[in-house]
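Notes follow once the structure below has been shown.
Residue numbers (the working numbering): 523 to 872.
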């Protein structure tokens with residue numbers, strides 16, 4: 523396989539994507555960015571009723587099709603309550619843990635499009651006042667937003683236009699270090715979105731026909747469990763989610779290889795497809811790790827749960843500190859992009 527990804531270009535695209543707030547339920551801005559990227563590359567896309575983007579690439583065989591997904595929605599929060607002192611209680615969107623967001627800068631977007639900044643803090647932050655500053659539970663009761671505005675009560679907050687149900691997004695703090703590491707919130711799953719966009723652009727430029735008609739879905743509801751379980755053509759045989767590899771104790775995945783998931787919280791992925799992905803790595807000198815993610819599910823597993831008769835798989839770059847301040851290395855992005863490319867031109871499992 524002669525394909526060599528421009529990984530630095532992919533990393534810059536990740537930086538652009540992560541800089542656009544897109545908590546699940548409020549993804550229009552990032553979807554518009556993706557839509558424009560595709561249009562500028564000469565690629566036609568459509569929207570489904572949920573707002574996700576769908577791209578169809580005709581292949582030599584239209585009777586059997588593939589589907590690949592990555593998701594642009596991220597974790598976030600909503601304003602749950604305006605407290606008596608003008609601070610905001612929040613309700614989390616997706617699988618954040620409160621301890622992972624304490625101390626972060628954030629942005630609140632009102633229903634009329636105004637934005638205000640703030641900081642997510644413990645109510646008992648000051649160690650000079652609260653004896654339990656270090657031991658109080660990090661939970662919905664104690665974690666709150668301190669607005670960067672002169673407010674003293676709910677009436678002051680209401681004058682700003684801030685209300686219950688307004689979306690809260692976290693500052694991604696994205697950085698590229700020495701053209702090697704990229705660290706940011708929301709690499710899950712904007713790293714994989716960038717990989718798919720880069721590959722779609724290459725396919726368009728090269729004009730080489732794929733062996734099978736292949737559909738790409740940039741989903742926008744994955745973090746709440748149902749991003750990619752609709753708009754799956756009846757001809758779809760294989761469904762590959764491109765998401766992230768989870769790192770930690772007992773995991774084989776790392777920040778320098780592509781991670782191939784054998785099983786997650788939803789159960790095993792298709793054994794034949796997994797073996798095919800491994801063989802593609804072996805044949806093309808792609809560095810990989812096979813892993814199990816105990817507390818995880820993907821758009822592919824959502825499609826299975828929705829009853830679709832498909833062969834499903836899951837791969838992605840290894841992401842450290844998932845659902846917190848995440849990091850990966852260009853090597854992992856490189857090997858993931860090469861595996862997806864090899865997969866697109868490979869024979870189906872059946």
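The beta carbon of each residue, even a glycine, is placed where N, CA and C say it ideally should be.
By Cβ distance, which residues of its chain are closer than 7 Å to residue i, with the 5 residues on each side in sequence left out?
i: residue 854; result: 777, 778, 779, 780, 839, 840
i: residue 671; result: 638, 682
i: residue 559; result: 719
Could you tell me the alpha carbon to alpha carbon distance between residue i and residue j, rounded to whole angstroms?
i: residue 834; j: residue 646; result: 46 Å
i: residue 723; j: residue 610; result: 42 Å
i: residue 860; j: residue 850; result: 16 Å
i: residue 752; j: residue 565; result: 21 Å
i: residue 823; j: residue 763; result: 9 Å
i: residue 601; j: residue 660; result: 17 Å
i: residue 858; j: residue 782; result: 10 Å
i: residue 536; j: residue 773; result: 25 Å
i: residue 784; j: residue 799; result: 11 Å
i: residue 809; j: residue 615; result: 34 Å
i: residue 575; j: residue 677; result: 40 Å
i: residue 787; j: residue 816; result: 5 Å
i: residue 648; j: residue 657; result: 12 Å
i: residue 653; j: residue 607; result: 21 Å
i: residue 825; j: residue 795; result: 16 Å
i: residue 814; j: residue 674; result: 49 Å
i: residue 831; j: residue 729; result: 30 Å
i: residue 541; j: residue 627; result: 13 Å
i: residue 747; j: residue 819; result: 8 Å
i: residue 717; j: residue 605; result: 42 Å
i: residue 636; j: residue 680; result: 13 Å
i: residue 625; j: residue 669; result: 13 Å
i: residue 597; j: residue 695; result: 15 Å
i: residue 844; j: residue 684; result: 30 Å
i: residue 866; j: residue 651; result: 59 Å
i: residue 577; j: residue 644; result: 44 Å
With a CB to CB cut of under 6 Å and the five nearest residues on each side skipped, what residues in its chain are close to residue i?
i: residue 735; result: 580, 581, 584, 587
i: residue 848; result: 709, 841
i: residue 591; result: 739, 741, 750, 763, 821
i: residue 527; result: 856, 859
i: residue 686; result: 601
i: residue 921; result: With the chain represented from 523 up to 872, any question about residue 921 goes unanswered, as that position is not in the structure.
i: residue 827; result: none
Can you list, in chain order, the residues of its chain with a C-beta nearer than 8 Å to that of residue i? Leave out the 5 residues immediately preceding and following it.
i: residue 612; result: 599, 600, 601, 602, 642, 662, 665, 666, 667, 690
i: residue 868; result: 733, 798, 802
i: residue 594; result: 539, 544, 549, 552, 553, 556, 711, 712, 715, 740, 741, 742
i: residue 561; result: 567
i: residue 701; result: 530, 533, 852
i: residue 872; result: 759, 794, 833
i: residue 698; result: 533, 534, 537, 704
Report the partner residues of residue i according to the DSSP bridge assignment.
i: residue 680; result: Looking at the DSSP assignment, residue 680 forms no beta bridge with any residue, so it has no partner.
i: residue 705; result: 697, 849
i: residue 691; result: 629
i: residue 613; result: 600
i: residue 721; result: None, per the DSSP bridge assignment.
i: residue 640; result: 628, 669
i: residue 735; result: 587
Open item on the list: Check whether the segment 614–622 and the segment 571–590 are in contact - that is, three or more C-beta pairs closer than 8 Å.
Closed with: Of all C-beta pairs linking the segment 614–622 to the segment 571–590, fewer than three are shorter than 8 Å, placing the two stretches out of contact.
Open item on the list: At 3 residues or longer, what runs of the beta strand (DSSP E) sit wholly inside the segment 790–843?
Closed with: Fully contained in the segment 790–843 are the following beta strand (DSSP E) runs of length 3 or more, in chain order: 810–815, 833–841.
- [ ] Could I get the ranges of all uninterrupted beta strand (DSSP E) runs contained in the segment 737–785, with 3 residues as the minimum, in chain order?
- [x] Runs found: 758–764.
Open item on the list: As an exercise, report each continuous beta strand (DSSP E) stretch of at least 3 residues that is fully enclosed by the segment 537–600, in chain order.
Closed with: Runs of the beta strand (DSSP E) spanning 3 or more residues and lying entirely within the segment 537–600 occur at 575–579, 581–593, in chain order.
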